[in-house]
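Asks: Numbering (UniProt numbering), first residue to last: 1 to 571.
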DNA sequence: GCGATCAGCT
DNA sequence: CACAGCTGATCGC
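(1) If we require 4 or more residues per run, which alpha helix (DSSP H) segments fall completely within the segment 165 to 209?
(2) Where does residue 228 fall in DSSP's three states?
(3) May I ask you to verify whether the segment 109 to 119 touches the segment 60 to 68, counting CB pairs closer than 8 Å and requiring at least 3?
(4) Measure from the alpha carbon of residue 303 to the alpha carbon of each residue in 43, 329, 312, then state which is nearest.
(5) Could you tell me which of 201, 198, 234, 218 sits nearest to residue 208, measuring between CA atoms?
(6) Taking only the alpha-carbon atoms, compute the straight-line gap between residue 267 and residue 246 and give it to the nearest angstrom.
(7) Hey, is the segment 187 to 194 in contact with the segment 154 to 165, meaning 3+ C-beta pairs nearer than 8 Å?
(8) What first and last residue would you give for the beta strand (DSSP E) that runs through residue 112?
(9) Using a threshold of 8 Å, state whether the C-beta atoms of residue 161 and residue 335 are closer than that.
(10) With distances taken between CB atoms, is the gap from residue 296 to residue 139 smaller than 8 Å?
(11) List the DSSP bridge partners of residue 92.
(12) Assess, as a yes-or-no matter, whether the segment 69 to 84 is touched by the segment 176 to 184 under the definition of 3 or more beta carbon pairs within less than 8 Å.
(13) Starting from the Cα of residue 224, find the closest Cα among 230, 239, 244 and give me that residue.
(14) Between 126, 253, 294, 43, which has its C-alpha nearest residue 195's C-alpha?
(15) So, with DSSP's three-state summary, where would you put residue 130?
(16) May I have the straight-line CA-CA distance separating residue 20 from residue 129, to the nearest angstrom?
(17) Using a Cβ-Cβ cut-off of 6 Å (strictly less than) and excluding sequence neighbours within five positions of residue 288, which residues of its own chain qualify?
(18) Use the C-beta contact count for residue 53: other C-beta atoms within 10 angstroms, 16 or more gives buried, fewer gives exposed.
(19) May I ask you to report which of helix, strand or coil DSSP gives residue 516?
(20) Can you tell which of 256, 103, 213, 271 has its C-alpha closest to the C-alpha of residue 239?
(21) With DSSP run on the structure shown, which of helix, strand or coil describes residue 3?
(22) For residue 149 versus residue 282, is the C-beta spacing smaller than 8 Å?
(23) Please classify residue 73: does DSSP put it in a helix, a strand, or coil?
(24) Given that a residue counts as buried once 16 or more other Cβ atoms are within 10 Å of its Cβ, and exposed if not, what is residue 171?
(25) Go ahead and pull the three-state DSSP assignment for residue 462.
(26) Report yes if the C-beta distance between residue 113 and residue 143 is below 8 Å; otherwise report no.
(27) Helix, strand or coil for residue 12? Go by DSSP, reduced to three states.
(28) Give me, in chain order, the residues of the same chain whose beta-carbon lies closer than 7 Å to that of residue 47; leave out the 5 immediate sequence neighbours on both sides.
(29) If you compare alpha carbons, which of 259, 265, 229, 322 is closest to residue 249?
(30) The ligand NAP and residue 164: does any heavy atom of the ligand fall closer than 7 Å to the residue's C-beta?
(31) On the criterion of 16 or more Cβ atoms from any shown chain inside 10 Å, does residue 9 qualify as buried, or is it exposed?
(32) Tell me the DSSP bridge mates of residue 30?
(33) How big is the Cα-Cα spacing for residue 59 and residue 211?
(34) When you compare the CB positions of residue 319 and residue 165, do they come within less than 8 Å of one another, or not?
(35) For residue 134, count the other beta carbons within 10 Å of its own beta carbon; 16 or more makes it buried, fewer makes it exposed. Which is it?
(36) For residue 22, I'd like the list of residues in its chain whose CB is within less than 6 Å of its CB, leaving aside the five on either flank, ordered along the chain.
See below:
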């Protein structure tokens with residue numbers, strides 16, 4: 001959950017994604033997207049009362065966010081106070097103190113964020129400098145570099161401060177497979193299941209939030225079907241989504257919900273209660289979208305994992321990975337403020353390494369881009385690090401050995417290494433950036449791009465093959481080919497996904513849930529990854545430092561030296 | 001009765 | 001632990 005208090009130091013009369021406490025006094029509100037953790041206080045009676053007595057206070061968001069917000073009756077009172085803004089259309093807003101009449105002008109530009117439908121980043125330009133508030137975002141490496149409004153001529157604008165989605169800004173989340181690769185893996189799994197008979201159905205175990213619509217659209221398109229969901233109301237003005245979802249239960253792909261849906265599934269029932277017409281029991285598999293990540297040097301990747309007899313997890317992330325965040329432009333001269341304290345919370349003894357750039361102001365910070373640079377935390381000793389990343393002194397030189405290693409590393413990750421992909425898959429970004437609510441021509445599915453974008457080495461897992469056969473004869477060999485992932489063409493499988501079958505490793509089916517890590521030498525889950533949605537290995541070379549190593553790290557840190565050693569610290 | 005907060009769960 | 005919620009219990013107004 002976001003720990004951002006709602007205000008930026010440059011423009012403190014604005015509140016973003018928080019609407020309680022001090023934010024009640026804001027002169028303007030901004031909502032980056034329609035997820036509950038960014039809407040705290042938004043339906044509060046105090047705020048409602050304030051609006052009734054105000055002539056100038058408004059809520060600014062995208063058109064899609066407005067639509068999604070007003071679909072919930074609890075937020076209906078906002079209708080007359082919302083000002084939807086077009087994407088990439090700079091808009092001047094007056095920030096008025098209604099008591100004194102004092103006024104400040106700021107220009108805001110909405111930029112696509114790729115997090116969920118309607119999600120945007122806000123670029124503010126005014127007398128206190130240029131500031132970018134990213135909200136939550138997932139953008140492929142390079143996309144931000146191409147955003148016109150972040151540039152002035154051919155140069156990146158001077159963004160003095162970035163309020164950054166740091167959900168996965170941790171070297172452990174070094175790489176998250178691209179959306180295209182994840183979709184490809186899911187498509188393959190779905191296709192190979194539902195083709196077997198009309199009684200073979202898939203339940204997409206999606207959490208109750210916006211953001212999975214692109215998945216529905218692409219699966220619906222590929223398999224010429226519609227996905228069963230609980231309600232269509234929120235999409236009534238979004239025909240591109242509407243045409244791929246249905247409340248008719250007679251479909252092979254379901255994303256419906258029920259408070260006891262997991263229980264239902266264990267009893268081989270769909271959350272909607274749908275059964276086959278002729279009494280034949282349904283054959284249901286569940287696919288749970290989860291965030292999977294891979295360390296910098298991880299060689300093997302898989303975007304689908306089998307977690308039980310008929311349960312799968314599929315890679316899916318709403319947030320940019322560590323390498324994607326590091327590949328953002330304009331980071332070298334900007335102060336970063338983290339919207340999430342995940343780094344502290346998740347990994348309390350780890351902070352990213354920063355260093356000054358020679359000759360730049362002291363506030364300048366530069367993340368070490370490719371190396372995994374961890375150091376014991378100093379946050380306790382430096383309260384300022386709570387919201388701002390402070391700079392440490394540069395040692396002025398790179399670690400030659402590591403640099404050399406990266407040069408020769410096949411998995412080298414970084415910006416500006418686009419792959420030559422002749423046939424681009426649909427791009428999630430085009431879906432998420434669509435603003436026209438009723439323009440059916442503006443397809444959310446999007447067309448292949450002529451320019452090479454969206455895919456880089458950092459987002460393309462290594463290809464490798466693995467073939468196994470499940471007891472019921474359902475082939476578990478998956479293909480993740482970007483240019484040809486048709487489930488109908490089994491011979492064309494280009495393996496870049498793998499389904500892990502723990503129960504085949506000497507485990508009985510009934511024991512697979514509790515003992516699956518034992519005896520599985522292909523993937524060993526770390527302790528921190530065993531219990532939740534994130535059940536994928538991180539950097540394999542990481543290790544717990546010895547006490548003497550730790551004390552050395554502390555000494556180096558205290559002396560302001562660069563600490564580059566990769567270490568995984570225990571909580 | 002309502003909202004806020006927290007624990008527990010997925 | 002984290003995501004993005006949901007449910008239910010408890011407390012104060």
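We put the beta carbon where it would ideally sit given N, CA and C, even for glycine.
Replies: Short version:
(1) Runs found: 179 to 194.
(2) To locate residue 228, count along the first chain from 1; it is residue 228. If DSSP states are grouped into helix, strand and coil, residue 228 belongs with the strands.
(3) yes
(4) One-based indexing of the first chain puts residue 303 at position 303. Residue 303 has its Cα closest to that of 312, out of 43, 329, 312.
(5) Position 208 of the first chain, counted from the first residue, corresponds to residue 208. For residue 208, the nearest C-alpha among the options comes from 234.
(6) Residue 267 sits at position 267 when you count from the first residue of the first chain. Residue 246 sits at position 246 when you count from the first residue of the first chain. When rounded, the distance between both Cα atoms is 24 Å.
(7) no
(8) The count along the first chain starts at 1 and reaches residue 112 at position 112. Its beta strand (DSSP E) spans residues 103 to 112.
(9) Locating residue 161 in the first chain gives position 161, counting from the first residue. Locating residue 335 in the first chain gives position 335, counting from the first residue. Their beta carbons are under 8 Å apart, which means residue 161 touches residue 335 by this criterion.
(10) In the first chain, the residue the question calls residue 296 occupies position 296. In the first chain, the residue the question calls residue 139 occupies position 139. Cβ distance not < 8 Å, so residue 296 and residue 139 don't count as in contact.
(11) As a working mapping, residue 92 is identified with position 92 in the first chain. BP columns for residue 92 point to 107.
(12) Fewer than three pairs of CB atoms, one per stretch, sit closer than 8 Å, so the segment 176 to 184 makes no contact with the segment 69 to 84.
(13) Here residue 224 corresponds to residue number 224 of the first chain, with the count starting at 1. Of the listed residues, the one whose Cα sits closest to residue 224 is 244.
(14) Numbered from 1 along the first chain, position 195 holds the residue referred to as residue 195. Among 126, 253, 294, 43, the Cα nearest to that of residue 195 belongs to 253.
(15) Residue numbering aside, residue 130 sits at position 130 when the first chain is read from its first letter. Residue state, collapsed to three classes: strand.
(16) Here residue 20 refers to the residue found at position 20 of the first chain. Here residue 129 refers to the residue found at position 129 of the first chain. Using only the alpha carbons, I get a separation of about 26 Å.
(17) What you label residue 288 is simply residue 288 of the first chain in a count that begins at 1. Cβ neighbours of residue 288 beyond the five flanking positions: 205, 313.
(18) The sequence position of residue 53 within the first chain is 53, counting from 1. So residue 53 counts as exposed.
(19) Along the first chain, one-based indexing puts residue 516 at 516. Note on residue 516: pLDDT 34, under 50, position unreliable in the model; the coordinate value appears next. Coil.
(20) Looking up residue 239 in the first chain gives position 239. Closest by alpha carbon: 213.
(21) Position 3 of the first chain, counted from the start, is the residue given in the question as residue 3. Residue 3: coil per DSSP, three-state reduction.
(22) Counting from one through the first chain, the residue named residue 149 turns up at place 149. Counting from one through the first chain, the residue named residue 282 turns up at place 282. Contact flag unset, no.
(23) On the first chain, position 73 is the one that residue 73 refers to. In the structure shown, residue 73 sits in a helix (DSSP, three-state: H, G or I).
(24) Mapped onto the first chain, residue 171 falls at position 171. When all chains shown are included, residue 171 counts as buried.
(25) Position 462 of the first chain holds residue 462. Low local confidence applies: a pLDDT of 29 at residue 462 is under 50, so the model's placement there is unreliable, with the coordinate-based value given in what follows. Residue 462: coil per DSSP, three-state reduction.
(26) Along the first chain, read from residue 1 onward, the residue named residue 113 stands at position 113. Along the first chain, read from residue 1 onward, the residue named residue 143 stands at position 143. Cβ distance not < 8 Å, so residue 113 and residue 143 don't count as in contact.
(27) Counted from its first residue, the first chain places residue 12 at position 12. Three-state DSSP puts residue 12 in coil, outside helix and strand.
(28) Here residue 47 is taken as the residue at index 47 of the first chain, counted from 1. Within the same chain, residue 47 has close Cβ partners 19, 24, 41.
(29) Sequence index remark: in the first chain, residue 249 carries index 249 (1-based). Taking only the C-alpha atoms, the option nearest residue 249 is 229.
(30) Although the ligand NAP was asked about, the structure shown includes no ligands whatsoever.
(31) The residue given as residue 9 occupies position 9 in the first chain. Exposed is the call here.
(32) Translated into positions along the first chain, residue 30 becomes position 30. DSSP lists 16, 60 as partners of residue 30.
(33) What you label residue 59 is simply residue 59 of the first chain in a count that begins at 1. What you label residue 211 is simply residue 211 of the first chain in a count that begins at 1. The C-alpha of residue 211 is placed about 22 Å away from the C-alpha of residue 59.
(34) The count along the first chain starts at 1 and reaches residue 319 at position 319. The count along the first chain starts at 1 and reaches residue 165 at position 165. Closer than 8 Å, so yes.
(35) Locating residue 134 in the first chain gives position 134, where the first residue counts as 1. Buried.
(36) Residue numbering aside, residue 22 sits at position 22 when the first chain is read from its first letter. So the list is empty, once near-sequence residues are dropped.
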